[in-house]
Ligand SMILES: O=C(O)CCC(=O)C(=O)O
Ligand SMILES: [Fe+2]
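In this note's numbering, the protein residues as written are 2 to 330.
See below:
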């Protein structure tokens, strides 16, 4: 029934998703405006729920994070990645923590090849010794912590709308992602995908990010204008393997449902496969930067599916299994 080496349903599913598939242009990624959310909360909740329940992906506009703030975070990320590897290597990812820098080490269960990228992850309680010094990068930690907080605010707002629909207390997910607790494990991830030389474009089996679903409740993804490549595979079963490209625009935050929320919603909100493909000849093939915020419930929170279709599991155990499947144990 499932691939024997993976205990989690999600991992068994993911291990089968590494093929190229085909590309579709007839699907739309819906855009939802958060303008005046205080007075339009019910209408916005309806739009968010219907987009999320439909394909698990949507884009937020008028989300309240200034473009200047997003650009500042991108600028700081670019400056970090421009440092020599020897410097970044002092702040190397600590296994199992989602904190620190890594390069070419993430191997997705779907593809078996390393994602063509480097990344630096910020998980607030785990950053001791992992921030570059002010001499190396002035103000970096402050910029990232400020931006992480803004992301948390938007994520918990969207999650509060889902809580309303799920019949949970409105602050259910806000409490489950409490940033003041030492058990906080939401992560801001800075991503740098390398430029792709012409001879390497569209290499079969090589991906900027191999097909996967996210481990978290909700992901917020910031893209830069024109730096595309993100694709989603709508549909719970995804048997047809028809991938849809997500527009890369600076004004929108692309959101997707993660596996934790799929469990918590008894599969009403699907966690959807996505990937970042290599540029094809004729496309922009320079570096691609993105910023991802993963709202991951605090380690001590138990993820329960209301109907009991998934066994209870703590968010700590859940995340560890997923991290180990991607970065080795
Ligand atoms: O960089 C992107 O566009 C997507 C990254 C992603 O899906 C992830 O890191 O989970
Ligand atoms: Fe992802």
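Glycine included, every Cβ here is placed at the ideal spot set by N, Cα and C.
Own chain residues within Cβ distance below 6 Å of residue i, not counting five before or after
{"i": "residue 8", "result": "none"}
{"i": "residue 189", "result": "123, 149 and 294"}
{"i": "residue 324", "result": "97"}
{"i": "residue 151", "result": "66"}
{"i": "residue 185", "result": "125, 126 and 299"}
{"i": "residue 22", "result": "242 and 244"}
{"i": "residue 1", "result": "Since the first residue shown for the chain is 2 and the last is 330, residue 1 is missing from the structure and cannot be characterised."}
{"i": "residue 307", "result": "267"}
{"i": "residue 331", "result": "Here the chain comprises residues numbered 2 to 330, so residue 331 is not present and cannot be evaluated."}
{"i": "residue 234", "result": "244 and 274"}
{"i": "residue 260", "result": "11, 214, 216 and 272"}
{"i": "residue 109", "result": "211 and 213"}
{"i": "residue 95", "result": "101"}
{"i": "residue 229", "result": "249"}
{"i": "residue 34", "result": "62 and 63"}
{"i": "residue 231", "result": "247 and 277"}
{"i": "residue 71", "result": "223"}
{"i": "residue 305", "result": "313"}
{"i": "residue 31", "result": "52 and 59"}
Per-residue DSSP class, three states only, for residue i
{"i": "residue 133", "result": "coil"}
{"i": "residue 218", "result": "coil"}
{"i": "residue 238", "result": "Confidence in residue 238 is poor, its pLDDT being 48 and thus under 50, which makes the residue's placement too unreliable to answer from."}
{"i": "residue 298", "result": "coil"}
{"i": "residue 16", "result": "coil"}
{"i": "residue 208", "result": "coil"}
{"i": "residue 157", "result": "helix"}
{"i": "residue 321", "result": "helix"}
{"i": "residue 327", "result": "helix"}
{"i": "residue 197", "result": "coil"}
{"i": "residue 279", "result": "coil"}
{"i": "residue 253", "result": "coil"}
{"i": "residue 181", "result": "coil"}
{"i": "residue 176", "result": "helix"}
{"i": "residue 378", "result": "Because the chain here runs from 2 to 330, residue 378 falls outside it and cannot be looked at."}
{"i": "residue 105", "result": "coil"}
{"i": "residue 93", "result": "strand"}
7 Å Cβ shell around residue i - same chain, five flanking residues per side excluded
{"i": "residue 76", "result": "none"}
{"i": "residue 177", "result": "298, 299 and 302"}
{"i": "residue 159", "result": "49, 219 and 256"}
{"i": "residue 107", "result": "115, 116, 327 and 328"}
{"i": "residue 238", "result": "Any reading at residue 238 must be qualified, since the residue scores a pLDDT of 48, below 50, and its modelled position is unreliable; the value itself is stated next. Within the same chain, residue 238 has no close Cβ partners at all."}
{"i": "residue 331", "result": "With the chain represented from 2 up to 330, any question about residue 331 goes unanswered, as that position is not in the structure."}
{"i": "residue 131", "result": "92, 100 and 101"}
{"i": "residue 263", "result": "270, 271 and 272"}
{"i": "residue 172", "result": "161"}
Own chain residues within Cβ distance below 8 Å of residue i, not counting five before or after
{"i": "residue 88", "result": "133 and 137"}
{"i": "residue 310", "result": "267 and 268"}
{"i": "residue 315", "result": "300, 301, 302, 303 and 304"}
Residues bridged to residue i (per DSSP)
{"i": "residue 289", "result": "194"}
{"i": "residue 189", "result": "123 and 294"}
{"i": "residue 315", "result": "303"}
{"i": "residue 274", "result": "234"}
{"i": "residue 223", "result": "254 and 292"}
{"i": "residue 115", "result": "108"}
Cutoff 8 Å: residue i Cβ touching any chain D Cβ
{"i": "residue 247", "result": "In the structure shown, chain D does not exist; there is a single protein chain."}
For the segment 3-85, which segments carrying the alpha helix (DSSP H) assignment without a break, of at least 4 residues, lie completely within its bounds, in sequence order?
10-15, 38-56 and 68-83
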